[in-house]
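Chemist: Counting in full-length UniProt numbering, the sequence shown runs from 1 upward without gaps. I'd like to ask you about the structure that follows.
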Amino acid sequence: MRLRDDSKQLTMQSLRHMANVTVRNLPDAVHRALCVRAAHHGRSTEAEIRDILENVARPPERVKLGSLLVSIAREAGGLTDAEHFNQFRDKTPAEPMRFE
């Protein structure tokens, strides 16, 4: 996705701030294992470390807050999604615009 700001073009990637992390005193055996793992996956060691950190910090199977709250409400006998939306839906017909 590209954005136009005056005459400059910015990509979404350039708008995101990316943090940097330095790891000191990493044992040689761990570094070698990371290099082997990265080569096995066909990417750089840095990309492999990013992937490992992402999967540990934000695992795909994690329970998201919204899903957790919905499951708690359903267990407590709360409204279904359809009942919830119907309860708050405005059922009055829209009035046509006037061009007077």
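C-beta atoms are modelled at their ideal positions from N, C-alpha and C, and glycine is treated no differently.
#1: To the nearest angstrom, how far is the alpha carbon of arginine 89 from that of valine 36?
#2: Specify the secondary structure class of valine 63 as computed by DSSP and reduced to three states.
#3: Going along the chain, which residues of its own chain have a beta-carbon closer than 8 Å to the beta-carbon of leucine 68, five neighbours each way excluded?
#4: Helix, strand or coil, according to DSSP, for arginine 32 in the structure here?
#5: If you draw a straight line from the C-alpha of asparagine 55 to the C-alpha of glutamate 61, how long is it?
Modeler: Taking the coordinates as given:
#1: In this structure, the CA atom of arginine 89 is about 57 Å from the CA atom of valine 36.
#2: Annotated three-state conformation of valine 63 is coil, per DSSP.
#3: Here the set comprises nothing.
#4: In the structure shown, the three-state DSSP call for arginine 32 is helix.
#5: If you draw a straight line from the Cα of asparagine 55 to the Cα of glutamate 61, it is about 10 Å long.
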